[in-house]
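Chains as they are written, first to last, in the working numbering: chain B, 51 to 447; chain L, -19 to 223. A virtual CB, placed ideally from N, CA and C, is assigned to each residue, including glycine.
What follows is the structure, given as structure tokens:
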């Protein structure tokens, strides 16, 4: 293979980026999609969770069937703010349909039994097949427990006993984690996975277009007749794919931080969370290595493919290579990560991201990661270069 | 000047080009005539250094194809037929400029040259338009300009008129004549007898990778006592098929 000429590499890179950015698809797939992915996911997850739990008592619609005249307890229920629906013809049917969440049946002498110091029953009818109804049961139980506790207190006081006797041990939980560490733990869960996924997959579209796409459109042949060596052409294309992957990763990060700012619950975490400049630099280097390995592999497969469609078929499985390690490392705490992970592609990247987010800078781990990554980058670039050298691959029809 | 010496290309077990030898002088148009799959494109791809010959070599303007492929690329321009191979999201000018820069031309100088050539070939109207918006004929003109932007001394044409309308075919023919006037050495592949008859000074008939006959059109007609090139071709190729 002929020599690498940096001038040619730069010309190819410049042209490819210009070409890529003029394509609306690129903007959508490489920038918009990664940027919007997190905010949309958060909106769906948080919104979904809220709608199931109906955390607010006032959102829980119930029907109260008072079999006597238990005004005292009914007034208590009203005072809690729970939404009591009246004038329903068939409450049970409404419960089945999901119009209401529960029916509270108060026996005729409920208030009287309590006043006279006796125990009494209460029935809560719910539809356990409906998650919202089942959650309502927990809410109502909580309200009744509170009412019952008050009654116990009053009864003990009436007998001259301190109600504290019921709680001989008072447990206090103190959270020693700073707000920033808590923010870190949440970010450490999601950021490494996302960054790795986007750095691995962000260049896929460009990779397919830049080799298999060129073959299909008949632009590769004339390009191979220019004075630029195949190595220079490959290098320019490879850098363009790497750039796109990094842009994707940055877009996904921006999306993450934007969703922090937009969601008030997240904003407090974000405000307390800071990464040092050094950590950001190491993260960028780690992302660059990962993007480089995947860009070269994607380009090699794309150069082998006969057409755009075939290129997509060959490249898509690479996504699993990124997803599986991401999932395996996602639930590990930094101290649980085996040292060997730092020497394995993708595993190493996620592990490094995780440590940095937890504020850990372990030079041995970074060293192992950088050294092994350099070897992987070299191997993958060699594979891509080899594929660009192969007549049987480039002129496959 | 191009001198092809025993050029051979084997793909797995297929001898696509088999010991091909011919010579083309400066300002001469040499027509490679053959059916589809005869080995014309493979020959031109080897001469453009896109494919490495299995055996043999060629001397192009005094440079050896095997030993100096980089130098050869500067000497050779190639125009393909069918899809013109332009980048749709770049303008016609950007397409040409990309190739000029990859041929180590200065950007300013290349731009000036594009303007001169675009005027000459009546392309000023669409030179700054996106390639995606151009008609097939316009695209082929851009491909033509792209192939000569680095001023090659040798031009290779691989069925350059395939799929073009009558007007565009005429423009490509005019361009080939223009190259001849400029003193370039031209190798032109085609399976159209009339086209070859119209343009070429000398032809080589290629069949299954082998050169089965060569000479001037008049010389061949006289040798085979026929006025019809198509008949002559069928006679030669048919003979080979029978064998």
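>> What residue range does the beta strand (DSSP E) around residue 10 of chain L cover?
In response: 9 to 13
>> Can you tell me whether residue 133 of chain B is helix, strand or coil according to DSSP?
In response: strand
>> Using CA atoms only, rank isn't needed, just tell me which of B:347, B:189 and B:374 is closest to residue 361 of chain B.
In response: B:347
>> If I follow the unbroken beta strand (DSSP E) through residue 233 of chain L, where does it start and stop?
In response: Given that chain L is displayed from residue -19 to residue 223, the structure contains no residue 233 of chain L and the question cannot be resolved.
>> Does any residue of chain L have a CB that is nearer than 8 angstroms to the CB of residue 87 of chain B?
In response: no
> In its own chain, which residues sit with a C-beta less than 8 angstroms from the C-beta of residue 424 of chain B, not counting the 5 before and 5 after it?
Replying inline: 339
>> For the segment 371 to 385 of chain B against the segment -13 to -5 of chain L, do three or more pairs of beta-carbon atoms, one drawn from each stretch, fall closer than 8 angstroms, so that the two count as touching?
In response: Segments in contact, no.
>> Quick check: what's the CA-CA separation for residue 321 of chain B versus residue 307 of chain B?
In response: Because the pLDDT at residue 321 of chain B is just 48, under 50, the model does not fix this residue reliably, and the value given afterwards should be weighed accordingly. So the alpha carbons of these two residues sit roughly 10 angstroms apart.
> At what residue ranges does the segment 15 to 46 of chain L contain a whole run of the alpha helix (DSSP H), taking only runs of 4 or more?
Replying inline: 20 to 27
>> Please identify the residue among L:137, L:195 and L:80 whose C-alpha is closest to the C-alpha of residue 62 of chain L.
In response: L:137
> Which residue from L:212, L:190 and L:187 puts its Cα closest to that of residue 199 of chain L?
Replying inline: L:212
> Is it the case that the Cβ atoms of residue 151 of chain B and residue 183 of chain B are separated by a distance below 8 angstroms?
Replying inline: yes
>> Please give the ranges of any beta strand (DSSP E) in the segment 151 to 218 of chain B, keeping only runs that are unbroken, at least 3 residues long and fully inside the region.
In response: If we require 3 residues or more, the beta strand (DSSP E) runs fully inside the segment 151 to 218 of chain B come out as 152 to 156 and 173 to 176.
> Which same chain residues, not among the five before or five after residue 60 of chain L, have their C-beta less than 6 angstroms away from its C-beta?
Replying inline: 138
> What does residue 172 of chain L pair with, by DSSP beta-bridge criteria?
Replying inline: Paired residues: none, contrary to the question.
> Which whole-angstrom value describes the C-beta separation of residue 94 of chain L and residue 73 of chain L, a residue pair presumed to lie in contact below a C-beta threshold of 8 angstroms?
Replying inline: 6 angstroms
> Leaving out the 5 sequence neighbours to the left and right, which residues in its chain are closer than 6 angstroms to residue 118 of chain L when beta-carbon positions are compared?
Replying inline: Within the same chain, 106 come within 6 angstroms of residue 118 of chain L by CB-CB distance, once the 5 residues on both sides are set aside.
> What span of residues does the beta strand (DSSP E) with residue 262 of chain B cover, start to end?
Replying inline: Element bounds for residue 262 of chain B: n/a, residue is neither H nor E.
> Helix, strand or coil: how does DSSP classify residue 206 of chain L here?
Replying inline: coil
>> Determine, for residue 32 of chain L, whether the minimum Cβ-Cβ distance to residues of chain B falls below 8 angstroms.
In response: It does: the Cβ of residue 32 of chain L has a partner Cβ on chain B nearer than 8 angstroms.
>> Below 9 angstroms on C-beta distance, what does residue 43 of chain L contact in chain B?
In response: Result: empty, since nearest Cβ-Cβ is about 13 angstroms, beyond 9 angstroms.
> Going along the segment 83 to 95 of chain L in order, which residues come within less than 7 angstroms of chain B, judged by CB to CB distance?
Replying inline: 83 and 84
>> Measuring only the C-alpha atoms, how far is residue 268 of chain B from residue 123 of chain L?
In response: 12 angstroms
>> Do residue 441 of chain B and residue 31 of chain L count as a contact pair if the criterion is CB distance below 8 angstroms?
In response: yes
> Cα-Cα, which of L:193, L:157, L:202 and L:91 is closest to residue 13 of chain L?
Replying inline: L:193
>> Any beta carbon from chain B within less than 8 angstroms of residue 54 of chain L's own beta carbon?
In response: The beta carbon of residue 54 of chain L falls within 8 angstroms of a beta carbon belonging to chain B, placing the residue at that interface.
> Going along the chain, which residues of its own chain have a beta-carbon closer than 8 angstroms to the beta-carbon of residue 76 of chain B, five neighbours each way excluded?
Replying inline: 70, 255, 256 and 294
> Given that residue 133 of chain B touches chain L, what residues does it touch there, using C-beta distances under 7 angstroms?
Replying inline: Here the premise fails: no neighbours, minimum Cβ distance about 58 angstroms.
>> Tell me the rounded alpha-carbon separation between residue 407 of chain B and residue 430 of chain B.
In response: Here the alpha carbons of residue 430 of chain B and residue 407 of chain B stand approximately 28 angstroms from one another.
> Where do the N-terminal and C-terminal ends of the beta strand (DSSP E) with residue 392 of chain B fall, by residue?
Replying inline: Taken as a continuous stretch (DSSP letters only), residue 392 of chain B belongs to no beta strand (DSSP E), as it is neither H nor E.
> Would you report the Cα separation of residue 186 of chain B and residue 130 of chain B, rounded to the nearest angstrom?
Replying inline: 14 angstroms
> For residue 123 of chain B, which of helix, strand or coil comes out of DSSP?
Replying inline: Helix.
> Where does residue 200 of chain B land, buried or exposed, given buried means 16+ other C-beta within 10 angstroms?
Replying inline: Here residue 200 of chain B is exposed. Its C-beta has fewer than 16 other C-beta atoms within 10 Å.
> Taking the beta strand (DSSP E) that residue 135 of chain L falls in, what are its first and last residues?
Replying inline: 134 to 138
>> Residues of the segment 62 to 76 of chain L in Cβ contact with chain B at a cutoff of 8 angstroms, in chain order, please.
In response: For the segment 62 to 76 of chain L, which is checked against every Cβ of chain B, the residues closer than 8 angstroms are 62, 63, 64, 65, 66, 67, 68, 69, 70 and 74.
> If you pair each beta-carbon of the segment 167 to 185 of chain L with each one of the segment 146 to 159 of chain L, do three or more pairs fall below 8 angstroms?
Replying inline: yes
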